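First to last, the sequence lines map onto chains A and C.
Take the position in the first sequence, starting the count at 1, then add 61; the result is the number in the numbering used here.
Take the position in the second sequence, starting the count at 1, then add 718; the result is the number in the numbering used here.
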Amino acid sequence: MTGPRQIPIPFEHRPALQRDDYLVTPANAEAVAWIDRWPDWPGPLLAVWGPEGCGKSHLAQVFLARTDGRLLTMPDADVVEAGGAYVLEDLDRIPSLDEEALFHLFNALKSAEGRILVTARTAPARWSIALADLTSRLKGSPAVEITAPDDALLAALLVKHFSDRQLRVDAEVVAYMVPRMNRTFQAAADLVAAIDAEALARKRAVTVPLVRKVLEAE
Amino acid sequence: MTEQQSRDIEPCQDLQETWSEICESLRAEIGEASYQSWIKPMRLIGQNGSAVRTGVPTRFMREWIQAHYQDRLSELLDGRGLTGGLDVVIHQEHAASGRAETKPAEVRKEDAAPAGPVNGTGIGNGPHADDIGAPLDQRYTFDRFVVGKPNEFAYAAARRVAEAEVVPFNPLFLYGGVGLGKTHLMHAIAWHLRKTRPDRSVIYLSAEKFMYRFVRALREHNTVDFKEQFRSVDVLMVDDVQFISGKESTQEEFFHTFNALVDQGRQIVISADKSPNDLEGMEERLISRLNCGLVADIHATTYELRLGILQAKGEQMGVEVPLKVMEFLAHKITSNVRELEGALNRVVAHHQLVGRDITLETSQDVLHDLLKASERRVTIEEIQKRVSTHFNIRVSDMHSARRARSVARPRQVAMYLSKQLTSRSLPEIGRKFGGRDHTTVMHAVKKVEELRELDSSFNEDVELLRRMLEG
């Protein structure tokens, strides 16, 4: 091992969550277009789905900010106000989801002309829902996928993650990384975190040799 | 007469008394319901020249009064020496203060008639509007209901109820699977009545909401008002009655409401997902009541009906959807109308939002989560196998060092598809192809992209492989 190695203290960094910070690419363009189109949706519910770390939460935050909406943790029809906007995240991962509550929430939103954005890792058509009335409402609602990032998005994602961490990197570093990393949203986030930690530990700038080291270690 | 009027009237005592008398005599002529709906909300403002001026809260109400009661009111005024006729104006203040003074027991009458005979058809219709009924979906009219073999009987029954002067059958019980149009028919009845018989009060709500309101009334010791509200409507429509199965006290109350309305000759329309006899957790006596009228079922859709629905919906949206796409959707999305319309919505929205033409291929892409049985994760090994079979080479050639075009090109295609369909890194892909460098993979990807542009039959090959692999 060369040079002193410090234990990095993970600085809490707050990812930027404004619409301007949201990178619109072919992978998520349709989801963003739906958000921009709010409240002109065919029904009360829009589902956005995609793999972990693909930017669903970020998009949900953008939606909440734009609509002055409210984040729910559970389906609850009583909170619905006329024209209100709501978000329920990771709907396919809520343990023992109350299907009837979701059904009533859907109907309450329909009555009140409210809108809800739900996020999940899988498409609503794939959720194992027992209540047929709910299934047909979910399947009848628009569901849009955020797909795996293409090279351009991957590069943009890396730049965003670096800048979220206040790290300055040259274009050549990003160009070096894109063809060598796993092409997922999560991989981009994890890789930048690892590079940040390595740079901090070694007190060195983020350069191609440093990145290579991190990539090889993985 | 009412305290509301006596407080707000500026005109002299005589005129006020005369107006009250006239109202009372009209009350006797037209009956209580019409009186409550139209005459009672009129407010005497004073005299404008020789004409007697009155105010009402809405334009609609003014027109209705002018059409139906103005002549008679003028006659009555005339008989009392007020020969200048009657003037009806829209009086905003009236609307606001009248609403605020509404007593709970009068809620229904205030809401039901002037603002709109169908309760709560608009948001912001007033504090009570949404309390009683649920709002109606503007799209759910008879005009927009696509009729076919599976639903023609239910449709005819619903029309009959909407158009009949006397209750033709009680109740009308509509049942069928989810998303087949029960709610649409109920809303259509309400819209039709609203247009043709604005004097009748119509309440549409879900059984769940009925229960919720009942439970709340119990909690607030307010059941008298609750009963009064529900037992004085002309048409009561309760959607998805299966949601009160197993709820005994709600069923009991519903049973009594039901009987009270039937006794008074009022119309009831019920919907459920099953026939009365098949409803579980329902009391026998309620089931027998539900069976008393006409039971109409809506069957699952046929291909023809689905196609008809898509065509009608496409026209309503003002979008040109190719027949091939509609046939495809009608063939594939067979579960119910809600999902069918949802699928068309998605296809059209994709076209509008992303600007891609509506074709069979884009439709399949957009709806892949609905059309495919499962979301498969493709592996590099599968890609190698499928591509080898397609080009008729050995799988081992994917890893071999051979550089002949006959194996090199398929290998490049497989690398390209591995990059498109998996999330593996290029170095990883290279490793799976006989330990090749990631730059080789990059070159392969670029080469295949170029060839797809230039060679349409090669492009089709690659596209076919992609579709097969994505299953």
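Each residue gets a CB set at the ideal place from its N, CA and C atoms; glycine is no exception.
Every value quoted in this text rests on a predicted model; they were computed, and no experiment measured them.
For chain A, is any of its Cβ atoms less than 7 Å away from the one on residue i?
i                          : result
valine 1072 of chain C     : yes
histidine 974 of chain C   : no
asparagine 1196 of chain C : Outside the displayed range of chain C (719 to 1189) lies residue 1196 of chain C, so it cannot be described from this structure.
glycine 1060 of chain C    : yes
proline 886 of chain C     : no
methionine 1160 of chain C : yes
glutamate 1188 of chain C  : no
serine 1141 of chain C     : yes
Below 8 Å on the Cβ atoms is my contact criterion, and I expect residue i with residue j to pass it. Report the Cβ-Cβ distance as a whole number of Å.
i                         : j                          : result
threonine 180 of chain A  : lysine 117 of chain A      : 4 Å
alanine 169 of chain A    : valine 148 of chain A      : Alanine 169 of chain A to valine 148 of chain A, Cβ: 15 Å. No contact.
aspartate 137 of chain A  : leucine 178 of chain A     : No, aspartate 137 of chain A and leucine 178 of chain A are not in contact; Cβ-Cβ is about 16 Å, not under 8 Å.
valine 1105 of chain C    : proline 1128 of chain C    : 5 Å
glutamate 91 of chain A   : histidine 1068 of chain C  : 7 Å
isoleucine 207 of chain A : glycine 111 of chain A     : 3 Å
aspartate 805 of chain C  : asparagine 766 of chain C  : 5 Å
valine 864 of chain C     : alanine 1030 of chain C    : 5 Å
threonine 1140 of chain C : isoleucine 1098 of chain C : 6 Å
glycine 104 of chain A    : glycine 145 of chain A     : No, glycine 104 of chain A and glycine 145 of chain A are not in contact; Cβ-Cβ is about 15 Å, not under 8 Å.
Between residue i and chain C, is any beta-carbon pair separated by less than 7 Å?
i                            : result
lysine 200 of chain A        : yes
glutamate 279 of chain A     : no
glutamate 91 of chain A      : yes
proline 203 of chain A       : yes
alanine 217 of chain A       : no
serine 189 of chain A        : no
alanine 138 of chain A       : no
alanine 209 of chain A       : yes
serine 224 of chain A        : no
phenylalanine 124 of chain A : no
glutamate 73 of chain A      : Summary for glutamate 73 of chain A: the model assigns pLDDT 46, below 50, so the residue's position carries little reliability; its value from the coordinates is reported in the next sentence. Answer no: the Cβ-Cβ gap between glutamate 73 of chain A and chain C never drops below 7 Å.
Looking only at its chain, what residues have a beta carbon closer than 6 Å to the beta carbon of residue i, apart from the 5 residues adjacent to it on each side?
i                         : result
arginine 984 of chain C   : Asp952
glutamate 1001 of chain C : Gln969
isoleucine 96 of chain A  : Phe124
isoleucine 962 of chain C : Ala925, Met929, Thr968 and Gln969
alanine 173 of chain A    : Val141 and Ala143
glutamate 971 of chain C  : Phe932
aspartate 996 of chain C  : none
glycine 201 of chain A    : none
valine 1084 of chain C    : Arg1064, Val1065 and His1068
Suppose the cutoff is 7 Å on Cβ atoms and the five residues either side in sequence are ignored; what does the same chain contact list for residue i look like?
i                      : result
lysine 992 of chain C  : Tyr893 and Gln960
alanine 818 of chain C : Because the pLDDT at alanine 818 of chain C is just 33, under 50, the model does not fix this residue reliably, and the point stays unresolved.
Below 7 Å on C-beta distance, what does residue i contact in chain C?
i                      : result
alanine 193 of chain A : Val896
alanine 88 of chain A  : None at all; the shortest Cβ gap to chain C is about 12 Å.
Residue i touches chain A at which residues, Cβ-Cβ below 7 Å?
i                          : result
asparagine 1063 of chain C : Pro103 and Pro203
histidine 1156 of chain C  : Pro240 and Arg241
glutamate 938 of chain C   : Those within 7 Å of glutamate 938 of chain C in chain A number zero; the least Cβ separation is about 16 Å.
alanine 852 of chain C     : Ser172
serine 963 of chain C      : Within 7 Å Cβ-Cβ: nothing; serine 963 of chain C doesn't reach chain A, min ~12 Å.
serine 670 of chain C      : It is not possible to answer for residue 670 of chain C, since the shown part of chain C is limited to 719 through 1189.
Residue i touches chain A at which residues, Cβ-Cβ below 8 Å?
i                         : result
leucine 1144 of chain C   : Pro240 and Arg241
arginine 1056 of chain C  : Ser197, Arg198, Lys200 and Gly201
histidine 1068 of chain C : Glu91
serine 1190 of chain C    : Nothing can be reported for residue 1190 of chain C: it is not among the residues displayed for chain C, which extend from 719 to 1189.
Report the neighbours of residue i on chain C: residues whose CB is nearer than 8 Å to its CB, in chain order.
i                     : result
alanine 94 of chain A : Leu1071 and Val1072
Using C-beta distances below 8 Å, list every residue in its chain close to residue i, excluding the 5 sequence neighbours before and after it, in chain order.
i                            : result
alanine 260 of chain A       : Leu228, Ala266, Val267 and Leu271
serine 1118 of chain C       : Val1125 and Gly1152
phenylalanine 976 of chain C : Pro889, Ile986, Leu1004 and Arg1007
asparagine 1054 of chain C   : Gly895, Val896, Gly897, Leu898, Ala1018 and Thr1019
| query | Name the residues in the region 233–257 of chain A whose C-beta lies less than 8 Å from a C-beta of chain C; which are they? | reply | Pro240, Arg241, Met242, Asn243, Arg244, Thr245 and Ala248
| request: Pull out every residue of the region 894–906 of chain C whose Cβ sits closer than 9 Å to any Cβ of chain A, in chain order. | output: Here the close residues are Gly895, Val896 and Gly897.
| Members of the region 153–187 of chain A that neighbour chain C once the beta carbon cut-off is set at 7 Å | His165, Asn168, Ser172, Ala173, Glu174, Thr183, Ala184, Ala186 and Arg187
| task | Give, in chain order, every residue of the region 99–117 of chain A whose Cβ lies closer than 7 Å to some Cβ of chain C. | result | Pro103
| message | Taking beta-carbon pairs under 9 Å, can you tell me which members of the region 1015–1045 of chain C lie near chain A? | response | none
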